[in-house]
Structures are given as C-alpha cells and as structure tokens.
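Residue numbers (the numbering used here): 4 to 143.
Read the structure below first, then the notes.
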Amino acid sequence: MSNNAEYDSLVSQKSSAQSQYNACLSRIENCDYLLRRLRPAKESIVELKEAFKSNKKLDKNLHEEKHDWKGSTYNSFCTKMSTLIDINDSYYNDSIDHILDSLNNEITRIENQRMSEYGLLGRLGSWINSLANKIENFFN
Numbered sequence: 004m005s006n007n008a009e010y011d012s013l014v015s016q017k018s019s020a021q022s023q024y025n026a027c028l029s030r031i032e033n034c035d036y037l038l039r040r041l042r043p044a045k046e047s048i049v050e051l052k053e054a055f056k057s058n059k060k061l062d063k064n065l066h067e068e069k070h071d072w073k074g075s076t077y078n079s080f081c082t083k084m085s086t087l088i089d090i091n092d093s094y095y096n097d098s099i100d101h102i103l104d105s106l107n108n109e110i111t112r113i114e115n116q117r118m119s120e121y122g123l124l125g126r127l128g129s130w131i132n133s134l135a136n137k138i139e140n141f142f143n
C-alpha cells in the first residue's frame with residue numbers, strides 16, 4: 004500500500020470511528036434525557052400509591068365507625084359499601100402497581116442500554132486513540 008493510501012485509510016477509519024463515537028454519545032444523552040423524565044414520573048406514582056394507602060386506611064376506619072343507624076337496611080348498605088370499597092381498592096391498587104411496574108421496566112431497560120453504550124464508547128475511544136497515534140507516527 005502506498006504511503007498516501009495508507010494515510011488516507013487511517014484518516015478515513017478515524018473519521019468513521021469518530022462518527023460512531025459521536026453517535027454513541029448522542030444515544031447516551033438520549034438515555035439520560037429519558038431517565039430525567041421517567042424518574043420523577045416514578046416518584047409521583049410512588050407518592051400516589053402511598054396517598055392511596057393512607058386514604059384506604061381512612062376509608063376503612065370510617066366504614067368501621069359505629070353509627071346510630073341499625074337494621075337490615077344498614078346491614079345491606081354496609082355489605083354493599085364494603086364490596087364497593089374492596090372492588091375499587093383492588094382495581095386502583097392493581098392499576099398503580101401495573102403503571103409502577105411498567106415504569107420500573109422502562110427505566111431498567113434504558114439504564115441497561117446506557118451502560119452498554121458506555122462499553123461501546125470505551126472501545127471506540129480506544130480505537131480513535133490508536134488511530135490518532137498511527138496517524139501521528141505516520142509522519143515520524
């Protein structure tokens with residue numbers, strides 16, 4: 004290979020590696036952006052879940068309070084109310100858990116993608132460094 008062809012090849016490889024490096028950095032920045040948006044959303048859902056637990060406890064305490072109202076109508080009301088509370092609690096709790104699970108899964112997926120990009124970034128950085136060294140040595 005002629006000196007010019009070898010030099011051009013090294014410069015081309017370095018340029019290609021630099022483009023890949025920049026694309027990798029861009030993907031990492033995108034992951035960081037998504038994580039900055041998802042983590043507060045997760046915190047909000049966790050806060051909603053805690054508020055739900057507190058409200059559920061208050062509802063249960065209210066339901067269990069003794070009232071002057073007695074008889075079969077009261078007993079029927081209590082049974083229906085208890086069933087309604089349980090159904091709503093179950094639905095709401097399952098919905099919150101599903102959303103929280105989905106957020107956790109997406110955050111983990113993005114974090115794993117980000118970590119894999121760092122491995123690639125390191126390899127590309129080493130390659131660029133080696134190519135820069137070969138280009139510099141080319142003139143020695």
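Glycine residues also receive a C-beta, built at the ideal position from the N, C-alpha and C atoms.
Computed from a predicted structure; not experimentally measured.
Could you tell me which of the options sits nearest to residue i, measuring between CA atoms?
{"i": "Asn33", "options": "Arg117, Ile131, Ala135 and Gln23", "result": "Arg117"}
{"i": "Ile31", "options": "Ile131, Asn143, Arg112 and Glu139", "result": "Arg112"}
{"i": "Glu124", "options": "Ser57, Leu28 and Asp97", "result": "Going by the sequence as given, residue 124 is Leu instead of Glu. Nearest option by C-alpha distance: Leu28."}
{"i": "Lys60", "options": "Ser15, Ser85, Gly122 and Tyr121", "result": "Ser85"}
{"i": "Leu99", "options": "Ser18, Asn143, Ile88 and Ala54", "result": "Per the sequence shown, residue 99 should be read as Ile rather than Leu. For Ile99, the nearest C-alpha among the options comes from Ala54."}
{"i": "Ile110", "options": "Ser18, Glu46 and Asn6", "result": "Glu46"}
{"i": "Lys56", "options": "Ile102, Asn6 and Asn96", "result": "Asn96"}
{"i": "Gly17", "options": "Asn143, Ser129 and Phe142", "result": "Reading off the sequence, residue 17 comes out as Lys, not Gly. When only C-alpha atoms are compared, the closest one is Ser129."}
In this structure, does DSSP put residue i in helix, strand or coil?
{"i": "Ser22", "result": "helix"}
{"i": "Trp72", "result": "coil"}
{"i": "Asn143", "result": "coil"}
{"i": "Ser29", "result": "helix"}
{"i": "Ser57", "result": "helix"}
{"i": "Ser93", "result": "helix"}
{"i": "Ser15", "result": "helix"}
{"i": "Ser5", "result": "coil"}
Assuming residue i contacts residue j under a Cβ cut-off of 8 Å, what Cβ separation, rounded to an integer in Å, is found between them?
{"i": "Leu127", "j": "Tyr24", "result": "4 Å"}
{"i": "Leu13", "j": "Ile131", "result": "So it is not a contact: roughly 11 Å between Cβ atoms."}
{"i": "Leu106", "j": "Leu37", "result": "With 8 Å as the limit, Leu106 and Leu37 do not qualify as a contact, their Cβ atoms being about 11 Å apart."}
Quick one: using the 10 Å Cβ neighbour count with 16 as the cut-off for buried, is residue i buried or exposed?
{"i": "Glu120", "result": "buried"}
{"i": "Ala26", "result": "exposed"}
{"i": "Leu134", "result": "buried"}
{"i": "Ala8", "result": "exposed"}
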